[in-house]
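A.B. asks: Residue numbers (this note's numbering), protein chains in the order written: chain A, 1250 to 1583; chain B, 1250 to 1583; chain C, 1250 to 1583; chain D, 1250 to 1583. Where a beta carbon is used, it is the ideal one built from N, C-alpha and C, also for glycine.
#1: Would you say residue 1395 of chain D lies against chain C (beta-carbon separation less than 7 Å)?
#2: With residue 1300 of chain D and residue 1281 of chain D assumed to form a contact (beta carbons below 8 Å), what rounded beta-carbon distance in angstroms separates them?
#3: Please check the pair residue 1369 of chain C and residue 1331 of chain C, which I expect to be a contact at CB under 8 Å, by giving their CB distance rounded to whole angstroms.
#4: In the stretch 1488-1516 of chain C, which residues sit with their C-beta less than 7 Å from some C-beta in chain A, listed in chain order?
#5: Taking the alpha carbon of residue 1373 of chain B as the reference point, which residue from B:1535, B:1575, B:1278, B:1524 has its own alpha carbon closest?
#6: Report back the beta-carbon spacing between residue 1338 of chain C and residue 1365 of chain C to the nearest angstrom; my notes put them in contact at under 8 Å.
#7: Measure the alpha-carbon distance for residue 1413 of chain B versus residue 1334 of chain C and round it to whole angstroms.
#8: Using a Cβ cut-off of 7 Å (strictly closer), state whether residue 1378 of chain B contacts chain A.
#9: Using the DSSP secondary-structure output, state which residues sit across from residue 1339 of chain C in a beta bridge.
#10: What residues from the stretch 1456-1483 of chain A come within 9 Å of chain C, judged by C-beta to C-beta, listed N to C?
#11: In the DSSP assignment, find the unbroken alpha helix (DSSP H) run with residue 1284 of chain C in it and report its ends.
#12: Residues of chain B with CB under 8 Å from residue 1290 of chain A, in chain order?
#13: Using a Cβ-Cβ cutoff of less than 6 Å, which residues in the same chain neighbour residue 1418 of chain C once the five nearest sequence positions on both sides are dropped?
#14: Would you call the stretch 1265-1285 of chain C and the stretch 1305-1322 of chain C in contact, with 3 or more CB pairs under 8 Å?
#15: Given this structure, state the Cα-to-Cα distance separating residue 1290 of chain B from residue 1326 of chain B, to the nearest angstrom.
#16: Quick one: does residue 1286 of chain B have its CB under 7 Å from some CB of chain C?
#17: Strictly under 7 Å for the Cβ-Cβ distance: is residue 1404 of chain D near chain A by that measure?
#18: How would you write the range of the beta strand (DSSP E) that residue 1438 of chain C sits in, first residue to last?
#19: Kindly list, in the order they appear in chain D, the residues whose Cβ is closer than 7 Å to that of residue 1442 of chain A.
#20: Residue 1382 of chain B CB to nearest chain C CB: under 7 Å?
#21: First and last residue of the beta strand (DSSP E) that includes residue 1514 of chain A?
#22: Kindly indicate which three-state DSSP category residue 1405 of chain C falls into: helix, strand or coil?
#23: Between residue 1537 of chain D and the rest of its own chain, which residues show a CB-CB distance below 6 Å, the 5 nearest in sequence each way excluded?
#24: Excluding the five sequence neighbours on either side, which residues of its own chain have a C-beta within less than 6 Å of the C-beta of residue 1393 of chain C, listed in chain order?
#25: Can you tell me where the beta strand (DSSP E) holding residue 1256 of chain D begins and where it ends?
#26: Can you tell which of D:1381, D:1255, D:1488, D:1548 has its C-alpha closest to the C-alpha of residue 1581 of chain D?
#27: If I'm right that residue 1266 of chain A touches residue 1320 of chain A with Cβ under 8 Å, what's the distance once you round it to whole angstroms?
#28: Taking 7 Å as the CB-CB cut-off, is residue 1449 of chain D touching chain A?
#29: Evaluate residue 1407 of chain C with the Cβ neighbour count: other Cβ atoms within 10 Å of its Cβ, from every protein chain shown; 16 or more gives buried, anything less gives exposed.
#30: DSSP state of residue 1598 of chain C, grouped into three classes?
#31: I want to know whether the stretch 1382-1392 of chain C touches the stretch 1569-1577 of chain C - three or more CB-CB distances under 8 Å.
#32: Taking Cβ to Cβ, would you say residue 1436 of chain D is nearer than 7 Å to residue 1573 of chain D?
#33: Provide the residue span of the alpha helix (DSSP H) that contains residue 1567 of chain C, from first to last.
#34: Round the Cβ separation of residue 1554 of chain B and residue 1426 of chain B to the nearest angstrom and send it over; I've been treating them as touching at under 8 Å.
#35: For the alpha helix (DSSP H) containing residue 1373 of chain A, list its first residue and its last residue.
#36: When DSSP labels each residue in this structure, what does residue 1528 of chain B get in the three-state scheme?
The following block contains the structure:
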């Protein structure tokens, strides 16, 4: 039987998840929608033959809804997740899990209190076949122990409300999560380098920035987070090991030779780059919910990402190297 | 509602289609199976909760079956397709449509007699995003008129029953179809060059071969069909136009630098290379059947591919340049 | 001591050789010049402190001249080469050695009559490090026996006097020579495919053309000779062996990511592409002359290239497959 | 007339310069040699028909010697350079100019005292066509203002005497110089990150290291200096600008498809990678000496590189961010 999903938040990402659940993956269907933008939510409810709910809370408690996807405004994530825990429903929450580490810990306590893991956080890169292959090769020992990771996270242009903190908390957070997962290591310290300002960046936005992270084992990570690359959406990740180097390829595209140049197109935005990762994320989440055994990034991962991002933001403001200090990891999340 | 599909033939490709319809695409389900290997078909019927039918004919006429996928032994394709026409059911038939041009014409007559296009032939490359992008760029005029196409179709090793004729009729036939589609042109002549024998090829198998085709407008096509490349499955297609050249990229893969080499993996077989094409083929076929309006390669395309392959095989045996002569294309297929 | 060289012909290639001998390589100097364009030759004689000679013959017989470079108008090559033989002087003759196979044979007879190899023909690609590495890898057995070679020879635009025959005799002749050298095999047959006409090509020029060659061992060679690629000067060579494929890389150039594309520049003409090959050719020729033992392409190679080109031109005109028939190779040239 | 050069130091680099002057470039010859390894120097003097001198001083003052190349042991550079200034002879000194900033300043004072620029330091990368092209593109404005530079300097394995300081002072110093030249900016601060230790590195050698530099305009530079890459010699440089990114390509090499991989060879050491740069350096140095007007990196560049390296070494030891403080640049060197 199809898993009956309710989706809270019907903006760009929410609508994309609705489309994906309906048309791309199998084994699930969208039965309920909610959004403060009532008009849009009702329109989509009509298109997708789902029921519209006035509030996320009502949707979460609805008997029709077996599992919940949260794609609403960031500051609302925590309360909906907590409500899902109360209602004992599986939930896939878009990143961030919450806007503060305190809220994350509150969620963690509630989840542990319930005794069952219900929460998955939307770090979809863990499902990207490129990162998965990097992890597989590292695991094979082919490059020895990883020593350094060089990353670039380049957007063409940021949205109008993009802020200096969001560069870390909304964009760089993907690298914060994926590199922990890739290296299977925790962070020890973080630092942010401010860079010569790109004159194309909006007034008040410090762009680009460089995040420096050091793991407990001394692996050094540099992440260029560049919101105004101007030329395209470009995600680079190179892992330097003791006897070799591996890196993500550029996404394949037709090779052209015209007008004195050999060239290929670069993606313009993230939705093109991570199509496969989002598809696989939803697919595997649905499968795991059906088996009552989540396998993806959990609330603890959401908490660590959040506190690491906060640490980096503080480090940037203070121009210091800051220790990344987390609570002890509960056995529940091991 | 899900389209109820019956699948005839449950070998490698048939099983893959069953998996795809069930787990990958949405909007369809497999309700019926048939195969002369009764045991395997029954096993899969059990796994996929489908009904086993003793014969393809019974499956085709079953009220439970709305549309048919044929993935049985090549020589049986024609009779099943004809039966589908009689039963007025949409059918996706794996290539080849039939083993002779005469049978293809019989099918065409039957289909036209019914007054409605029911047949799609499984030339899945038309759904590959690489070929689609090549076609889009040609259409944009960015390289001027195409003048030449250089192709390679390389298998790692062929199956044990592979014959010299099959190199053209089963492997090269993909290029025969896709290049007609890409160039939107018909073939005028064909020729096959025998090549120095690969000593790794089975005794009696002439391998590799080079297919030469010329279109009515004088575009020259060369296709290396190489069943024993030894190193991998590699599909190359380069279109040379009046002011530029475009070509398929190698499929993206992790870049490694180890032991003095920079390298990336090459696919080992076709199932890896054309995953996306097969998925999209099925997905769009299901959609089009639901709209009662097929959009993919039709019986006429199956016929032209068949007669072109036959012409090339004759040209190889006679060591001549042979004209590709088809019946006049009926308006029905324009 | 520096080898004292006289250069006949001071056009573009001649002047480039003068520059190269003077400024790039060591161990030689230009002491004498001659050209029917007296003014240009005198100007260069003044710049390079060389003596101007009224005729090539005078230059050849001059006591000051130890070795001769011929870069004059193609139809004059043969008589100058014959004069060098009479004068018993080493000569590097730009390709073609002569404009007809008969003249080549006359030269061969004269050279054999003198009992010493004096002639090197300017097939500079034999000194290109890319082709040399291809040959080395073939020789290592890493790809098994070569079975096919796919080549492209693309010019951006041809000179105004370029003719349909010159496509083979002046451009394609480089592939004719280099592939014989690369494969260490002789040609058995040749054929030329006419291609849909590039509308950017001059009226009366059949462009592009495809040369097909078959070696005595059955290796199949296809060469696209394309004088109006429009986009750049591009030389491709891929050797397909029994267990692997090797090919020339595109010349390295800065990778750019700008405006939605990743790209690198392609050379505009041959002088950029083969700088290193020309330098090494001259350098090694000078060294070998000093040791009185030529090691480069000889008169026999010039003859085979000439007769193969003639065969291909005849095959094109007759639309036939023509045997490549040469005289028996004298031991003198083995 | 050939420039008469004396070479002090006949180890690997010294011998390579002797070979280059004799066989590769034109317009110069080696007339004098000196080395504390008398036997080797005498042997080379015999091979190259040069005169052996017991001491560098004697060689410098010899009437036969017009210009000097210093390729001796690093700690001896300064005294030979000072002697050349006294003798008013042009000198190309391998990097480093001296082993301390104080010595560099002494040289600078002496050179200014003589009133004429005589010294060029052997930062050969300024002559590499890749870096030159990067500089040209930056200058064209095609990528806007540079904001960041990501570099890797990877050796396969270091020599047995390699120390932690040498990683910066002997290897990273190339990046210190080339990036100042590329960006046309001075450094403001430097920092060094220690990295998880490569277990293949010698005991006591901290390897790899990451150098962080910030220019006066805020451009951020990261240089991985990795002496035990294990896989090859690999120099990477990517410049990120306001609207585009440019980077050095991997050196071109034959593309192979064998055994399931597509691959190309990576250089094993620096001598292969920078052949062209060394050749052009020598060639242009000889030309500029003949015109009595040096154009390459001068004593001031040698001083800035030295003091920047010292600053980085101090920053590493103290784990601090250190300001790069130089003397005011004299007009003499502008």
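C.D. replies: Let's see:
#1: In the fourth chain, the residue the question calls residue 1395 of chain D occupies position 146. Taking Cβ atoms only, chain C never reaches closer than 7 Å to residue 1395 of chain D, which makes this a no.
#2: Walking along the fourth chain from the start, residue 1300 of chain D turns up at place 51. Walking along the fourth chain from the start, residue 1281 of chain D turns up at place 32. With 8 Å as the limit, residue 1300 of chain D and residue 1281 of chain D qualify as a contact, their Cβ atoms being about 5 Å apart.
#3: Taking the first residue of the third chain as position 1, residue 1369 of chain C is located at position 120. Taking the first residue of the third chain as position 1, residue 1331 of chain C is located at position 82. So it is not a contact: roughly 15 Å between Cβ atoms.
#4: From the stretch 1488-1516 of chain C, only 1499, 1506, 1507, 1508, 1509, 1510, 1511, 1512, 1513, 1514, 1515 have a Cβ closer than 7 Å to chain A.
#5: Along the second chain, read from residue 1 onward, the residue named residue 1373 of chain B stands at position 124. Of B:1535, B:1575, B:1278, B:1524, the smallest CA-CA separation from residue 1373 of chain B is found for B:1524.
#6: As a position in the third chain, residue 1338 of chain C is number 89, starting the count at 1. As a position in the third chain, residue 1365 of chain C is number 116, starting the count at 1. At roughly 11 Å, the Cβ-Cβ gap does not stay under 8 Å, so residue 1338 of chain C and residue 1365 of chain C are not in contact.
#7: One-based indexing of the second chain puts residue 1413 of chain B at position 164. One-based indexing of the third chain puts residue 1334 of chain C at position 85. Distance between the alpha carbons of residue 1413 of chain B and residue 1334 of chain C is about 54 Å.
#8: Residue mapping note: residue 1378 of chain B aligns to position 129 of the second chain, counting from 1. Closer than 7 Å to the CB of residue 1378 of chain B there is not a single CB belonging to chain A.
#9: Numbered from 1 along the third chain, position 90 holds the residue referred to as residue 1339 of chain C. Answer is C:1316.
#10: Listed by position, the residues of the stretch 1456-1483 of chain A near chain C (Cβ gap below 9 Å) are 1478, 1479, 1480, 1481, 1483.
#11: In the third chain, the residue the question calls residue 1284 of chain C occupies position 35. DSSP places residue 1284 of chain C in no alpha helix (DSSP H); its state is neither H nor E.
#12: In the first chain, counting from the first residue as 1, residue 1290 of chain A sits at position 41. Ordered by position in chain B, no residue passes the 8 Å Cβ test against residue 1290 of chain A, which lies about 22 Å from the chain.
#13: Walking along the third chain from the start, residue 1418 of chain C turns up at place 169. The beta carbon of residue 1418 of chain C lies closer than 6 Å to those of 1558 in the same chain, with the five residues before and after it left out.
#14: Yes, the stretch 1265-1285 of chain C touches the stretch 1305-1322 of chain C.
#15: Within the second chain, the letter at position 41 stands for residue 1290 of chain B. Within the second chain, the letter at position 77 stands for residue 1326 of chain B. Using only the alpha carbons, I get a separation of about 18 Å.
#16: Walking along the second chain from the start, residue 1286 of chain B turns up at place 37. Cβ-Cβ to chain C under 7 Å: no for residue 1286 of chain B.
#17: Numbered from 1 along the fourth chain, position 155 holds the residue referred to as residue 1404 of chain D. So no, residue 1404 of chain D is outside the interface.
#18: Along the third chain, read from residue 1 onward, the residue named residue 1438 of chain C stands at position 189. Annotation for residue 1438 of chain C: the continuous beta strand (DSSP E) segment containing it runs 1436-1443.
#19: Here residue 1442 of chain A refers to the residue found at position 193 of the first chain. Close to residue 1442 of chain A, with beta-carbon spacing below 7 Å, are these residues of chain D in chain order: 1469.
#20: The residue given as residue 1382 of chain B occupies position 133 in the second chain. So no, residue 1382 of chain B is outside the interface.
#21: Position 265 of the first chain holds residue 1514 of chain A. 1510-1514 is the span of the beta strand (DSSP E), which, as asked, contains residue 1514 of chain A.
#22: For the purposes of this step, residue 1405 of chain C is identified with residue 156 of the third chain, where counting begins at 1. Residue 1405 of chain C falls in the coil class under three-state DSSP.
#23: Residue numbering aside, residue 1537 of chain D sits at position 288 when the fourth chain is read from its first letter. The residues are 1543, 1544.
#24: Taking the third chain and counting its residues from 1, the one referred to as residue 1393 of chain C is at position 144. So the list reads 1490, 1491, 1492, once near-sequence residues are dropped.
#25: Against the fourth chain, residue 1256 of chain D aligns to sequence position 7. Counting along the chain, residue 1256 of chain D sits inside the beta strand (DSSP E) bounded by residues 1252-1257.
#26: What you label residue 1581 of chain D is simply residue 332 of the fourth chain in a count that begins at 1. With distances taken between CA atoms, residue 1581 of chain D lies nearest to D:1548 out of D:1381, D:1255, D:1488, D:1548.
#27: On the first chain, position 17 is the one that residue 1266 of chain A refers to. On the first chain, position 71 is the one that residue 1320 of chain A refers to. The pair is a contact, with the Cβ atoms about 6 Å apart (cut-off 8 Å).
#28: Here the question's residue 1449 of chain D lines up with position 200 in the fourth chain. Output row for residue 1449 of chain D: interface = yes.
#29: Taking the first residue of the third chain as position 1, residue 1407 of chain C is located at position 158. By the Cβ-count criterion, residue 1407 of chain C is buried, with 16 or more other Cβ atoms from all chains shown falling within 10 Å of its own Cβ.
#30: Absent from the structure is residue 1598 of chain C, since the part of chain C shown begins at 1250 and ends at 1583.
#31: Fewer than three Cβ pairs drawn from the stretch 1382-1392 of chain C and the stretch 1569-1577 of chain C lie within less than 8 Å of each other, which leaves the two stretches out of contact.
#32: Within the fourth chain, numbered from 1, the residue matching residue 1436 of chain D stands at position 187. Within the fourth chain, numbered from 1, the residue matching residue 1573 of chain D stands at position 324. For the pair residue 1436 of chain D and residue 1573 of chain D, the CB atoms are nearer than the 7 Å cut-off.
#33: Here residue 1567 of chain C refers to the residue found at position 318 when the third chain is read from its first residue. Run containing residue 1567 of chain C: 1548-1567, per the alpha helix (DSSP H) assignment.
#34: Counted from its first residue, the second chain places residue 1554 of chain B at position 305. Counted from its first residue, the second chain places residue 1426 of chain B at position 177. Cβ-Cβ separation between residue 1554 of chain B and residue 1426 of chain B: approximately 5 Å, consistent with a contact (criterion under 8 Å).
#35: The residue you call residue 1373 of chain A lines up with position 124 of the first chain. Segment: none, residue 1373 of chain A is in no alpha helix (DSSP H) and carries neither H nor E.
#36: Your numbering for residue 1528 of chain B matches position 279 in the second chain. In the structure shown, residue 1528 of chain B sits in a helix (DSSP, three-state: H, G or I).
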